[in-house]
Every structure is written in C-alpha cells, then in structure tokens.
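Peer 1: Here the protein sequences line up with chains A and L, keeping their order. Letter by letter, the first sequence follows residues 17 to 267 of this note's numbering. Letter by letter, the second sequence follows residues 13 to 696 of this note's numbering. In this text, a Cβ means the ideal position worked out from N, Cα and C, and glycines have one as well.
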Amino acid sequence: MITRLTAQTTFRVSAAFAILSFAMLAGCKHSPPTNAGLKPTAQGTALVESSGGHQVGSTGTALKDPLVVQVNDDQGSAVPGALVEFHGLAGVSFDPAAVLTDSSGQATTTVTMGTIAGRYQLNAVTPGKFKPESLDIVETALDYQQRVGFILADKYCSRCHDPESSPQRVSNYDNLEVKPHPFSEGNTLNKMSDADLTSIILHGGPALNRSALMPPYGNTLSASDVKALIAYTRAVSDPPYQPPGTVYERK
Amino acid sequence: MQPIRKYLSSVWQALFGDPVRAFGVVSLILLLALAIAPAKEHFSQWHSYQRKYLALIHDRGDAISLRRRFVPGIHQIWLPELGVVDRCTTCHLGLKEASLADVGPQPFRKHPVVPHSLDSFGCVICHGGQGQATTVAEAHHSERAGEEPILPTRYIESGCGQCHQNFLPGTPQLNLGRTMLTRYGCVHCHAITRPDGSKVEATDHPPSLAHIADKTTREWIFSWLKDPQAYAASTTMPNYKLSDGDASDLSAYLVSSSKPQAGDSAAPSAKPTTAADPAAGPSLYGESFCASCHAVQNAAGNLVGGDLGPELTRIGNKAKPEWLAAWLENPRVYDSTTPMPRYRFTPQQTATLVAFLQAKSDSDYGSGVHLDAPSPQQIAHGRKLIVELGCAACHEINGVQKPENFAPDLSTIGSKPLAQIVFLPGMEHSLPSYVAAKIRQPRAFGSSVKMPQFTLTSSQTDALTTALLALTARGRSMPDNLRVAAVPETNYQPAGHAGKLIAELACFSCHRFNGRGGDMAPDLTWEGSSVQRQWLVDFLHNPNTLRPSLIRRMPRFNLSDSDNKELTDYVLTVYQSPAIDADLASAATNSADAVEHGRQLFYSKYACQACHIVDTKADKGYIGPTLTQVGSRLTPGWVYTWLKNPQALRPGTTEPNQNLSDEDAHAVTAFLMSLKGSGGRGAK
Numbered sequence: 017m018i019t020r021l022t023a024q025t026t027f028r029v030s031a032a033f034a035i036l037s038f039a040m041l042a043g044c045k046h047s048p049p050t051n052a053g054l055k056p057t058a059q060g061t062a063l064v065e066s067s068g069g070h071q072v073g074s075t076g077t078a079l080k081d082p083l084v085v086q087v088n089d090d091q092g093s094a095v096p097g098a099l100v101e102f103h104g105l106a107g108v109s110f111d112p113a114a115v116l117t118d119s120s121g122q123a124t125t126t127v128t129m130g131t132i133a134g135r136y137q138l139n140a141v142t143p144g145k146f147k148p149e150s151l152d153i154v155e156t157a158l159d160y161q162q163r164v165g166f167i168l169a170d171k172y173c174s175r176c177h178d179p180e181s182s183p184q185r186v187s188n189y190d191n192l193e194v195k196p197h198p199f200s201e202g203n204t205l206n207k208m209s210d211a212d213l214t215s216i217i218l219h220g221g222p223a224l225n226r227s228a229l230m231p232p233y234g235n236t237l238s239a240s241d242v243k244a245l246i247a248y249t250r251a252v253s254d255p256p257y258q259p260p261g262t263v264y265e266r267k
Numbered sequence: 013m014q015p016i017r018k019y020l021s022s023v024w025q026a027l028f029g030d031p032v033r034a035f036g037v038v039s040l041i042l043l044l045a046l047a048i049a050p051a052k053e054h055f056s057q058w059h060s061y062q063r064k065y066l067a068l069i070h071d072r073g074d075a076i077s078l079r080r081r082f083v084p085g086i087h088q089i090w091l092p093e094l095g096v097v098d099r100c101t102t103c104h105l106g107l108k109e110a111s112l113a114d115v116g117p118q119p120f121r122k123h124p125v126v127p128h129s130l131d132s133f134g135c136v137i138c139h140g141g142q143g144q145a146t147t148v149a150e151a152h153h154s155e156r157a158g159e160e161p162i163l164p165t166r167y168i169e170s171g172c173g174q175c176h177q178n179f180l181p182g183t184p185q186l187n188l189g190r191t192m193l194t195r196y197g198c199v200h201c202h203a204i205t206r207p208d209g210s211k212v213e214a215t216d217h218p219p220s221l222a223h224i225a226d227k228t229t230r231e232w233i234f235s236w237l238k239d240p241q242a243y244a245a246s247t248t249m250p251n252y253k254l255s256d257g258d259a260s261d262l263s264a265y266l267v268s269s270s271k272p273q274a275g276d277s278a279a280p281s282a283k284p285t286t287a288a289d290p291a292a293g294p295s296l297y298g299e300s301f302c303a304s305c306h307a308v309q310n311a312a313g314n315l316v317g318g319d320l321g322p323e324l325t326r327i328g329n330k331a332k333p334e335w336l337a338a339w340l341e342n343p344r345v346y347d348s349t350t351p352m353p354r355y356r357f358t359p360q361q362t363a364t365l366v367a368f369l370q371a372k373s374d375s376d377y378g379s380g381v382h383l384d385a386p387s388p389q390q391i392a393h394g395r396k397l398i399v400e401l402g403c404a405a406c407h408e409i410n411g412v413q414k415p416e417n418f419a420p421d422l423s424t425i426g427s428k429p430l431a432q433i434v435f436l437p438g439m440e441h442s443l444p445s446y447v448a449a450k451i452r453q454p455r456a457f458g459s460s461v462k463m464p465q466f467t468l469t470s471s472q473t474d475a476l477t478t479a480l481l482a483l484t485a486r487g488r489s490m491p492d493n494l495r496v497a498a499v500p501e502t503n504y505q506p507a508g509h510a511g512k513l514i515a516e517l518a519c520f521s522c523h524r525f526n527g528r529g530g531d532m533a534p535d536l537t538w539e540g541s542s543v544q545r546q547w548l549v550d551f552l553h554n555p556n557t558l559r560p561s562l563i564r565r566m567p568r569f570n571l572s573d574s575d576n577k578e579l580t581d582y583v584l585t586v587y588q589s590p591a592i593d594a595d596l597a598s599a600a601t602n603s604a605d606a607v608e609h610g611r612q613l614f615y616s617k618y619a620c621q622a623c624h625i626v627d628t629k630a631d632k633g634y635i636g637p638t639l640t641q642v643g644s645r646l647t648p649g650w651v652y653t654w655l656k657n658p659q660a661l662r663p664g665t666t667e668p669n670q671n672l673s674d675e676d677a678h679a680v681t682a683f684l685m686s687l688k689g690s691g692g693r694g695a696k
C-alpha cells in the first residue's frame, strides 16, 4: 500500500514552509527522548539517509519500510555504536525513538504516521563528535480518499506514469513516444486545475490537446474515483500543491 | 453552649430580623440558586470549545458564512435505527466546513473525505467512544463498564468492516487482516461467524499427517516442531515453544501412527533404469514454472517465487526421494485435495527434478538431532500433547479426533467488555492493545495459554487486529439493509472426464471459473467464446506467454492428444458467454478498406499501441497482451464485444472502456482479426 516517490524529490527550503503548516499548530510537541539506558560508544560527524525516506503511507499507520539512517565519521566510513534520536510532530511515533547504530553504522526505526494527512518532516539527530548532527526526512501520509486514489493509480495509471521499473512490475514509461508526467511532478501538475485534470482523465489526452496515448477513463471510473485520483496526485506532488484561495494560519 | 446559642440568634436576627430583611436575603439565595445552571453551562468544557471555535473563525475571510452556519448549544446526531446518539459535533464544529481543511488537529479541522455522510451515520459507528458524552474525558477515554475508549487511527478500517463483509478496495489493512484470518489458520481453532450467520472458512491447506512417515523422518519432524521458521521462513505454522522431550514424544506419536499409503513410493523397478540428468535440473524447474507457486530463498536471503505452495529452500532435508518421486508422479495419491497439479513428467524428468530438489538442502539443518527409539509411554505422551495443543484442529492425524470449538469463539471479539479482560502490567487498558498483544505474544498472558507464537510483521499484526476489532456487537445489530454480505466462493465443479482433468491439473489453483478459483491467472468463465479452437489446442500443448511482462506463467502439462481434445472441447462448449453475438463475426466486413480504417483508428484515434504490440518492430506497449497473432487467437465476436465494453466481459480489467461507436468497433475488429501472425512463433 505504500510506495516510494520518484528519486528526484530533492529537499527544498520553500517546500519546508509549505510542508505541514500544522507543524506550528501542533505546538511542536516532539516525542520525548527515550534514550535512557542507551550508552553510545562512539560519535560520528555526519548523518545520512540510507533508506526509508520519501515513503507514502496512510494516516495513523506504520510505514511499510523501516527508516534507516547512517552515522559516518569524517573519513566517510560508518560509525557503529553512535546514538541516534528520531523526532517528529505530535502524532508521529518511532519504534524505537532512540537507537544505537549497528555494526554497519546504521540506525533503524519504524515510523508510524500521525492522524492528519499531509507531508511530514521528520528529524534524526546524533550528538556528534563536535556538534549535534541533524538530518531531515520527508514522508507522506494519505487520508482515505487519497489512499483510494493511490490504489486506483496503482491499477490504472502507474504502469505508464511511474518511470520506476522492477522485474515484478515493468514500467511502460520508456515505451511511450510521448512521456507521461509522473504524479509527483508538481512543477507541471500543480499548474493544472482540478477541472483540467478531471477532463483529461474522463476524456483522454486529446481533450486538452495532448497525446491520444492517454486513453479516456470516463466510462471506466466513477466521479468519486476521479476525485480520489486527483486528491492522490495533489498529495504526492513535489513541490507541494497549494490549493487556490487564501491560506489562513492560526497565530 | 451558651455563647454558641447567643451567636446563632444574633446571626438569625441579622438575616431574618424583620420581614424586609428576610425578604431581601431569601431573594438573594434564590437568585444564586437560579444562577447555578447557567454558570455551569458557561464554564462547561464544550462551551469553551465553542468560544474557541468562534475565535478561530473570526479572522478568516469566510468568517461571515462560517458564523452563519454555527449554531450555539449542544448538537446531536440522533439515528434511532442505528442506535446512534452522537454529540461529538458540539465541539467538533468544523467537520463539514470545507474551508477549514487547513486548520491544525481536531477539534476544528474538516473531516477527511469518506464515502459516508456524518448526518446519516454519526461518529461512533466508525470511531468508537461515547457519543452521548459532553466532556472530552468521558467521550474519548471512558473505561467504565460497557464503555470503550475511541479507536486509535491505525485500526480505523475496522469501523468499515462492521457492515462491509465483502472486499472493499479502499481498506487494504482490513482486507489483509481478513485474508490472514483464513490463511494463517486462525479459524481452524477459533470459530468466527459473520453477522449474516455464515462462517469464516479457512483457505490454507494444512497437510494431512496420516501418512507422514512416508514423506519424512522423525528427526525432521522434531526439528520442525522445535522451530518451523528455521526450516522455512515463510511458513504459517506457528511455534509452540516445545521442550526437547515434548517435541520428541510428539514426533514419536506422529511417526508411529502414520499408515503407509499405497503408491507413495515410486516402483523400485523403474528406479535403476531412469537416471537423473543433473544439468537439466534447473532448466526443468524453471520451464515447469515451479516458482509461480513455490518460493526459494536466494543468496541474499530474499524469498523468490510464489506463496501458493510451501517454500522449497530446504526441501532436501525434509522429503524422502522416493516419496518426492511419487508426489511428482501424482500428488493426489498422497493428498487428494492438494492445489498442486499433476504434471505428467516422463520418468527421466521426474528423476531429474527429484535430484534437483534433493540438492536443495542445508547440511547444518537438524544435524545435531539424534532421537532414541521411543517407549510406549513416550508415544502415549505424544498423543496427549497432540490433544492438548489441538494439532488435529488443522492437521488430519490418525487416532486423534478433530476438536470442536477448540479455542474461544471470536465472532464478537470487537465488543469484548474491558471488565472481562485481564491486562498485563504496564499495558494500555484498551481492547485494541489487548488484541494486538495477544497476537504478538500470546504466551505472555500466562503459561497455561495454548495459543502458539506466530511470526508476524508489525503491519500483519495491525491488520489482524483491525479485522478482529471489526467483529463487533454493533455490526450484528445493524439493520440488514446496511450490511454488505461477503461474496462466498461457489462450489462449482466441472463435470465428466474433462472435469476430472481440470481437477488433476489443478486449474482452479490459478484460474477462476464461475466464481470459484484463484486469482493468479485470468478468469476463464467465458474462455469458450473468447478463443479459437486451434489456438487453444496449441496453447495447451505448449503455453507461450501472452503478456511479456508477467513473471508467473502457465506451465506445460505434457497432455496427450486425446486429453487435450477433451479439454478443448469442454472449454469451447461450456465456457460460453451469452453476451457474445456470434453473428457479429460474419457482419464484420473484412475488406481491405475496413482493415486499413481499423489500423488508423488503432494507431491514431485510440492509440492502442500505448499498451499493446501489433508490429514487434515499431510498437513497444507492454501492458496488455501482445496482439501480433490475435486474429488466430480470439473470435471476432469476442473482440468486438470486448472493444465495446471490456468491463462487461471481465469486471475489473485494466483496459478502459473507450466507448467505441459500432462502426469504429467493427473497423478495429476487422484490423485485429487480420493479424494472423506467423505460424506458431511465440512472443517469448
């Protein structure tokens, strides 16, 4: 039920602001440190992400793949026995929240997402030799409608729209003369209104003067299916999608 | 005494000394008494939330319309039919306000989009908690008799499962949990009855142990019982944490009670004449597509292959070679209901496969096990253990009856009162945490607990918990018209000699016919209207792949010509769809013009080449089946009807319904039927 976003989702500062406006609203309650009893035997000088970032999961549930970060020393080699603490907003929980790196210098934790859908910025910290090293990780939680959209996209859309290919599921992306837009491609899709997306899904590419390789799904998907697909597209878009209209933030 | 009396009388004088004074004081007391109720309301928790809500919307652009929709006071959703009295909306004021989607966490955020409306279902049906309560503590966290705290979000899909007994596309966790209840053997011991009275049936296939000594040794059974996951990481057999003595006695009973099965070892005369060809082993294993159902651990420790049959990583440690040969010869001799097909291997092929599989062994596995010949007491103790542990609830065992109601009924586990639960120290007092802990570590709840240790990932535990929490009393008391029943498997059974062939080839393990069977391969209910005779004959002789991107493929069964004809005749006669108009075939004018028009429509208007390959040089579409020879594979009537509406023929198929006009559908059919391909060249 969870997939990795395409690799090119580089971290952007502008994104950081839009990411979770409820960061502040939640009162920035960090998970309490639970490193009692952990005795670090070493310290590194850098913290890097190994795997488990940019996952898409569901609200309130654990992400499919564990989050793995690695502590390195100044030579760039792994440091075993260093303490790593994970922090998130209220509602996000880590199991464990603090852990010592294993023999290959890696710290592994299972992330359970909060109850609100959106993009979550998580944070891993290691004390470090000279100063605390910190690493930001982005994960996405989908609500019910977005998840329905994800399931529909997985069935009808991803084989062409997702360029990532695996032996179990070969992508058709490279076979197409006109390349489809991956759903995470916010730079293109954020400019398209919901009405445009609806009409291209219902009537196919030619409805917006685009390629006929995109077939019409109007007789196959229901209106609520299409809404769910659009909600999913908006949820995984990078840079994040900003709905039209004024945005209010609580003081 | 005297001073007190004096003091009291002076107070009385001061308050009620004369009528005017008395009147004033009484009025004051009355006024205060009257103020109690409004003051209580003013300082109540929900009132303070309503004030906060007004403060929140005050600065927003749509404050006027938000304020107009705001109604002060206690709100209530009352649905007598469902037994819902929910006052949650008293504080959760923004649930229906689309513009409040950007507000922080509850209580004022808009509810995410779900298929049901708040007004027709209320809140507690999905979320649990106390709908009538007007304080946060009572509504969310009450643990008093018969009350239940609200459900954590991670199990929220259990709310859907109360009414929806069927497969719901939007609830993957619930679906996984329900599949696990039937696949991991839970319902062998625990009875679960759905609200409509139907029973949840197991779909796994625990092997019969009536002839176990033909198949394997007592030493292997001992090692297996000690730790099933050490033999096969993917097995669903749980760990009973047996002591060495118990495992030894248990294996002694199983071996001593096992009766030899006629035909369970290959005829000794055949053995010396057929030599195994070690070089051909891997390719025969590959060609027979054993990996479509069986997994093997690769060097990196990952399982590669399907999960329909048992994992074969260490099969050489387990299976005796003569049993393996007999099994490959005809699996139905040992187990009449096995999902494994009969392949009709030649003796040479069988010998080759046996040698190949025997080599899949781990010399370390069970190497330290030496069991002495058992005494009768040990055998008797083994039988006692089997009865106590309920082994016969899953496995057929000689001399032991299948126990009835071996473990507690779980039909209403989702409404188990907290008062009936003994929580472990330090555990959160809620039903979800109890159920999850019981699945995770059943033996932690006392040494007398018989439930074994399952090896589950945390997402599997969450899924099982979700499926169990869906089994609520509320689900049973729901009006029938709101419940969506599960779709049971039919007991469809094809008849005659072809029916026997279909059973022998275990077609149902992968294919579905008339609502029964697996989902690995296409549904064949209408196959007879779909394909042409010659193609089907050729395909059954040598199945070549239609979809190049698939890794699970149809194996070759070495059918004789007469069996092949029998099967082909049956499929073409019986699996006919009433939706296909055979006359359409002749109506399609296959003139060169029509074919050319169809080709243009195929490539330009409908851009079918996005997913299908017609010209192997130019087209690259990789999703649908290759169409290079579709003209000699499918019938024109099927192609036409499919083009008009694919979902009508195969519900859920990925190909979109492009709403072709009759003329366009005729032209594209004409074009496709002109693609006869080049003889038997498969598109591998």
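Let me know the secondary structure DSSP gives V399(L) once reduced to three states.
Peer 2: Here the question's residue 399(L) lines up with position 387 in the second sequence. Reduced to three states, the DSSP call for V399(L) is helix.
Peer 1: Name the DSSP beta bridge partners of S374(L), please?
Peer 2: In the second sequence, counting from the first residue as 1, residue 374(L) sits at position 362. Residue identity differs from the one stated: residue 374(L) is Asp in this sequence, not Ser. Answer is none; D374(L) lacks a bridge partner.
Peer 1: Taking the alpha carbon of S74(A) as the reference point, which residue from T204(A), F166(A), T214(A) has its own alpha carbon closest?
Peer 2: Locating residue 74(A) in the first sequence gives position 58, counting from the first residue. Minimum Cα distance to S74(A) is reached at F166(A).
Peer 1: If you draw a straight line from the C-alpha of G328(L) to the C-alpha of T214(A), how long is it?
Peer 2: As a working mapping, residue 328(L) is identified with position 316 in the second sequence. As a working mapping, residue 214(A) is identified with position 198 in the first sequence. Roughly 57 Å between the two C-alpha positions.
Peer 1: Restricting to Cα atoms, I'd like to know which of L46(L), Y19(L), L94(L) is closest to R488(L).
Peer 2: Looking up residue 488(L) in the second sequence gives position 476. The candidate whose alpha carbon is nearest that of R488(L) is L94(L).
Peer 1: Relative to the C-alpha of A485(L), which candidate in P668(L), F82(L), E159(L) has its C-alpha closest?
Peer 2: On the second sequence, position 473 is the one that residue 485(L) refers to. For the residues P668(L), F82(L), E159(L), the minimum Cα distance to A485(L) belongs to E159(L).
Peer 1: Mark D256(L) as exposed unless 16 or more other C-beta atoms lie within 10 angstroms of its C-beta, in which case mark it buried.
Peer 2: For the purposes of this step, residue 256(L) is taken as residue 244 along the second sequence, with counting starting at 1. Per the 10 Å Cβ criterion, exposed.
Peer 1: Comparing the C-beta of L192(A) with each C-beta of chain L, is any distance below 8 Å?
Peer 2: Within the first sequence, the letter at position 176 stands for residue 192(A). L192(A) counts as touching chain L.
Peer 1: Whose Cβ in chain A lies nearer than 8 Å to the Cβ of V583(L)?
Peer 2: By one-based count along the second sequence, residue 583(L) stands at place 571. Within 8 Å Cβ-Cβ: nothing; V583(L) doesn't reach chain A, min ~28 Å.
Peer 1: Using beta-carbon positions only, say whether S470(L) and G378(L) come within less than 8 Å of one another.
Peer 2: Along the second sequence, one-based indexing puts residue 470(L) at 458. Along the second sequence, one-based indexing puts residue 378(L) at 366. For S470(L) and G378(L), no; Cβs fall outside 8 Å.
Peer 1: Where do the ends of the beta strand (DSSP E) carrying L562(L) lie?
Peer 2: Translated into positions along the second sequence, residue 562(L) becomes position 550. First-last for L562(L): undefined, no H or E at that position.
Peer 1: Kindly indicate the opening and closing residues of the beta strand (DSSP E) around G328(L).
Peer 2: Here the question's residue 328(L) lines up with position 316 in the second sequence. G328(L) -> not in any beta strand (DSSP E); alpha helix (DSSP H) instead, spanning 327-330.
Peer 1: Of all the alpha helix (DSSP H) runs that stay within the bounds of the stretch 97-160 of chain L, which reach a length of 4 or more residues?
Peer 2: 130-133, 136-139, 148-153, all fully within the stretch 97-160 of chain L.
Peer 1: If we count the other Cβ atoms within 10 Å of its Cβ and call it buried at 16 or more, is W4(L) buried or exposed?
Peer 2: Outside the shown range of chain L (13 to 696) lies residue 4(L), about which nothing can therefore be said.
Peer 1: What residues from chain C crowd round K171(A), counting only those whose CB sits closer than 7 Å?
Peer 2: Within the model displayed, chain C is absent; protein chains A and L are what it includes.
Peer 1: Can you tell me which of the three DSSP states R250(A) falls into?
Peer 2: In the first sequence, counting from the first residue as 1, residue 250(A) sits at position 234. In the structure shown, R250(A) sits in a helix (DSSP, three-state: H, G or I).
Peer 1: Return the bridge partner residues of L138(A) from the DSSP annotation.
Peer 2: On the first sequence, residue 138(A) is found 122 positions in, with the first residue counted as 1. Paired residue(s): I153(A).
Peer 1: Quick one: is D593(L) near chain A, going by C-beta distance under 8 Å?
Peer 2: Within the second sequence, residue 593(L) is the residue found at index 581, counting from 1. It does not: the Cβ of D593(L) has no partner Cβ on chain A nearer than 8 Å.
Peer 1: With a Cβ-Cβ cutoff of 8 Å, do A8(L) and S246(L) count as a contact?
Peer 2: Only positions 13 to 696 of chain L appear in the structure, and residue 8(L) is not among them; the question remains open.
Peer 1: To be precise: take each residue of the stretch 656-682 of chain L, compare its Cβ to all Cβ atoms of chain A, and keep it if any distance is under 7 Å. Which residues remain?
Peer 2: For the stretch 656-682 of chain L, which is checked against every Cβ of chain A, the residues closer than 7 Å are Q659, T666, P668, N669, Q670, N671.
Peer 1: Starting from W90(L), trace the beta strand (DSSP E) both ways and give me its first and last residue.
Peer 2: The count along the second sequence starts at 1 and reaches residue 90(L) at position 78. It spans 89-91 - the beta strand (DSSP E) in which W90(L) sits, taken as one unbroken run.
Peer 1: State buried or exposed for F227(L), treating a residue as buried only when at least 16 other CB atoms are found within 10 Å of its CB.
Peer 2: Your numbering for residue 227(L) matches position 215 in the second sequence. The amino acid occupying residue 227(L) in the given sequence is Lys; Phe does not appear at that position. Buried, by the Cβ-count rule.
Peer 1: For Q71(A), which three-state DSSP category applies?
Peer 2: One-based indexing of the first sequence puts residue 71(A) at position 55. Strand, per DSSP.
Peer 1: Could you give the first and the last residue of the continuous alpha helix (DSSP H) run that contains H59(L)?
Peer 2: On the second sequence, residue 59(L) is found 47 positions in, with the first residue counted as 1. Where H59(L) is concerned, the enclosing alpha helix (DSSP H) stretches over 57-70.
Peer 1: Rounded to a whole number of angstroms, what is the C-alpha to C-alpha distance between W24(L) and A34(L)?
Peer 2: One-based indexing of the second sequence puts residue 24(L) at position 12. One-based indexing of the second sequence puts residue 34(L) at position 22. If you take the alpha carbons of W24(L) and A34(L), they lie about 10 Å apart.
Peer 1: Is DSSP giving D30(L) helix, strand or coil here?
Peer 2: Residue numbering aside, residue 30(L) sits at position 18 when the second sequence is read from its first letter. Coil.
Peer 1: Could you tell me whether the Cβ atoms of H103(A) and N139(A) are closer together than 8 Å?
Peer 2: Along the first sequence, read from residue 1 onward, the residue named residue 103(A) stands at position 87. Along the first sequence, read from residue 1 onward, the residue named residue 139(A) stands at position 123. Yes, Cβ-Cβ distance for H103(A) and N139(A) is below 8 Å.
Peer 1: For D159(A), which residues in chain L fall below 9 Å Cβ to Cβ?
Peer 2: Counting from one through the first sequence, the residue named residue 159(A) turns up at place 143. Per Cβ cutoff of 9 Å: P124, V125, V126.
Peer 1: Given this structure, state the Cα-to-Cα distance separating S589(L) from T236(A), to the nearest angstrom.
Peer 2: In the second sequence, counting from the first residue as 1, residue 589(L) sits at position 577. In the first sequence, counting from the first residue as 1, residue 236(A) sits at position 220. Taking the straight line joining both Cα atoms gives about 21 Å.
Peer 1: Going by the CB atoms, is the gap between R121(L) and L130(L) shorter than 8 Å?
Peer 2: The residue you call residue 130(L) lines up with position 118 of the second sequence. The residue you call residue 121(L) lines up with position 109 of the second sequence. For L130(L) and R121(L), no; Cβs fall outside 8 Å.
Peer 1: Can you check the stretch 89-138 of chain A for any beta strand (DSSP E) of at least 3 residues that lies completely inside it and give the ranges in chain order?
Peer 2: Entirely contained in the stretch 89-138 of chain A, the beta strand (DSSP E) runs reaching 3 residues are, in chain order, 99-103, 109-111, 114-116, 122-128.
Peer 1: Given 8 Å as the limit, is there contact between the stretch 111-121 of chain A and the stretch 78-97 of chain A, that is, 3 or more CB pairs closer than that?
Peer 2: Counting Cβ pairs under 8 Å, three or more are found: they touch.
Peer 1: Is there a C-beta anywhere in chain A that falls below 8 Å from the one on R63(L)?
Peer 2: Translated into the one-based positions of the second sequence, residue 63(L) becomes position 51. It does not: the Cβ of R63(L) has no partner Cβ on chain A nearer than 8 Å.
Peer 1: Can we say the stretch 535-545 of chain L touches the stretch 633-650 of chain L, given the rule of at least three CB pairs closer than 8 Å?
Peer 2: Touching, yes.
Peer 1: Are any of the Cβ atoms in chain A nearer than 8 Å to that of N342(L)?
Peer 2: As a working mapping, residue 342(L) is identified with position 330 in the second sequence. Not closer than 8 Å to any Cβ of chain A, the Cβ of N342(L) fails to qualify, so no.
Peer 1: For a contact meaning CB atoms closer than 7 Å, what does T165(L) contact in chain A?
Peer 2: Locating residue 165(L) in the second sequence gives position 153, counting from the first residue. T75, G76, T131, listed in chain order.
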